[in-house]
Amino acid sequence: MPEINSTIASMSIPQTRYFSNKASDYDDAVNLTLGVPDFDTDPLIKQALVDAFVDKKSLKYSHNAGLIELRQAISDYYFNKYQVHFDPEDQIIVTAGGSEAIDSSLRTILEKGDQVIIPQPAYPAYQAIVTMLGGEVIPIDTSETNFVLSPQQVEEKITPKTKAIILNYPTNPTGVSVNQDQAQALVKVIKDHDIFLLSDEIYGENSLTQDHVSFSQFPEIKDQAIIINGLSKSHAMTGWRLGYLLSSKKLTQSILIPHLNNTICASLPSQYAGLAALKHGLHIPQKMNQAYRERLAYLVQRLDKMGLDYSKSQGSFYIFPSIKSYDPNAFNFCLNLLEDQHLAVVPGSAFGQAGEGYIRISFATSLDQLEEGMDRLETFLSTYSTGD
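Residue 211 in the UniProt record's numbering is what sits at position 211 of the sequence shown, and the numbering runs on without skipping anything.
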């Protein structure tokens with residue numbers, strides 16, 4: 001057969017999926033890998049989907065940018081939460097999940113050979129998409145600064161080829177976030193060097209210890225910033241594939257081109273469900289966050305007892321403890337943990353070299369599952385040896 005694209009041929013399934021899939025080999029596995037909320041989608045959202053089908057409203061295409069009613073609801077949400085205005089007519093695009101928003105945005109701004117700064121550890125799809133588009137990933141290792149990115153680190157990595165930086169707060173996999181002053185310092189560098197900012201704020205509603213700071217709140221970079229968001233995490237709608245992006249009119253109308261050529265529009269049934277979520281379900285994330293805080297407190301207590309170091313998770317539903325004192329090779333550690341205790345977690349190396357020696361534990365599951373998982377981890381650590 002003919003050869004496939006060499007870049008694609010060199011890539012493989014992310015380790016997050018590898019360990020999640022491998023956990024299915026064990027009937028009694030405890031799977032703490034994926035960031036999929038264990039909550040059911042709220043009935044009011046489901047009913048909106050049913051109503052759309054009954055009324056035959058959702059059987060055709062919508063506007064390429066999404067239902068105008070949904071774009072208006074997104075605009076209202078950002079104005080009420082962050083006091084910023086995005087015109088629903090031409091500054092918002094509804095996408096097939098946040099991932100498509102990221103892909104379409106990067107397709108719009110990148111030329112082959114452009115450099116994209118990515119603080120690591122980071123969601124692996126960022127690097128994958130940049131690489132597939134012919135860009136060059138410039139990683140910043142934040143492991144020595146408690147996973148907090150400094151403006152000085154960004155300054156040191158900027159070159160004439162730098163086109164963009166991707167930020168994600170609260171961060172997957174560490175849960176680290178930024179306050180207003182920290183965000184402002186990063187904004188100054190972005191403004192001064194005239195680079196694009198892709199701000200993935202999908203976990204914004206899952207801020208657990210402080211108010212979320214959105215990079216949409218900084219007008220000085222309004223022509224450089226692309227804000228990514230969606231309802232997957234905030235409203236337990238991962239399978240509904242509904243995301244959106246907000247930016248300047250010029251950027252948004254440019255991003256619309258790859259978006260409409262790839263997807264035409266986001267699923268219309270999901271759009272009607274998303275409209276219900278934003279108009280009548282803004283209380284839903286807070287109900288879930290209460291459970292996440294309880295689970296995080298439990299994990300902190302157990303990890304402290306085991307003597308594992310970790311950075312304080314301020315949001316998302318992940319915690320990122322170090323296992324360097326047991327094994328510097330996180331993949332090897334996770335494989336042994338799964339085979340010995342049937343406990344699946346994700347090696348930190350899945351999120352870049354800066355994550356080596358760490359593991360990501362998802363607490364998007366029940367307290368019972370977390371308790372069983374921590375019991376197994378504690379048992380494993382009591383006898384684990386790398387064999388060196």
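Idealized CB from N, CA, C, for every residue including glycine. All values reported here derive from a predicted model rather than from experimental measurement.
Taking residue i as the reference, give the member of the options with the closest Cα.
i, options, result
"Cys265", "Ile93, Leu44 and Phe196", "Ile93"
"Ser104", "Leu198, Pro160, Lys188 and Ser322", "Leu198"
"Phe317", "Ala183, Glu205 and Thr142", "Glu205"
"Gly230", "Gly274, Lys191, Thr252 and Gln224", "Gly274"
"Val154", "Phe147, Ile13 and Ile140", "Ile140"
"Met374", "Tyr326, Tyr298, Gly175 and Gly134", "Tyr298"
"Asn251", "Val346, Phe320, Lys222 and Ala185", "In the sequence as displayed, the identity of residue 251 is Leu instead of Asn. When each option's Cα is compared against that of Leu251, the closest is Lys222."
"Tyr192", "Asp211, Tyr169 and Glu220", "Here residue 192 turns out to be Asp, not Tyr, going by the sequence shown. Nearest C-alpha to Asp192: Glu220."
"Ile138", "Tyr123, Lys157 and Leu278", "Lys157"
"Ala96", "Ala65, Glu294 and Ala350", "Ala65"
"Tyr77", "Pro37, Ser207, Gly281 and Phe53", "Gly281"
Can you give me the C-alpha to C-alpha distance between residue i and residue j, rounded to a whole angstrom?
i, j, result
"Gln341", "Phe380", "7 angstroms"
"Arg71", "Pro88", "5 angstroms"
"Gly387", "Val189", "For Gly387, the predicted model reports a pLDDT of 46, less than 50, meaning its position is unreliable; a value from the coordinates is still stated below. Going by the C-alpha atoms only, they are around 46 angstroms apart."
"Tyr203", "Asp194", "26 angstroms"
"Phe39", "Thr16", "20 angstroms"
"Ser267", "Leu242", "8 angstroms"
"Ser214", "Glu3", "43 angstroms"
"Gln91", "Ser254", "11 angstroms"
"Val116", "Ser322", "27 angstroms"
"Ala236", "Ala9", "33 angstroms"
"Leu49", "Ser382", "49 angstroms"
"Pro269", "Ala276", "11 angstroms"
"Ile109", "Asp181", "28 angstroms"
"Gln301", "Ser62", "48 angstroms"
"Pro258", "Arg107", "7 angstroms"
"Ile359", "Met1", "40 angstroms"
Would you say residue i faces chain D, with C-beta separation under 8 angstroms as the test?
i, result
"Pro219", "Among the protein chains of the structure shown there is no chain D, as only one such chain exists."
What distance in whole Å lies between the Cβ atoms of residue j and residue i, which are believed to be in contact at a cut-off of 8 angstroms?
i, j, result
"Leu246", "Ser216", "6 angstroms"
"Gln120", "Gly315", "Actually they do not touch by this definition, with Cβ atoms about 18 angstroms apart."
"Thr263", "Glu100", "6 angstroms"
"Phe147", "Ser362", "Not a contact, Cβ separation roughly 17 angstroms."
Can you tell me which residues form a DSSP beta bridge with residue i?
i, result
"Tyr318", "Ser362"
"Ala164", "Val116 and Phe196"
"Pro347", "Ile359"
"Gly230", "Gly243"
"Ala225", "Leu197"
"Ser207", "Gly315"
Which of the three DSSP states is assigned to residue i in this structure?
i, result
"Ala236", "coil"
"Asn31", "strand"
"Pro139", "strand"
"Thr95", "strand"
"Ser267", "coil"
"Ser6", "helix"
"Ser216", "helix"
"Ser104", "helix"
"Asp181", "helix"
"Leu338", "helix"
"Leu70", "helix"
"Asn289", "helix"
"His85", "coil"
"Val176", "coil"
"Ser382", "helix"
"Lys56", "coil"
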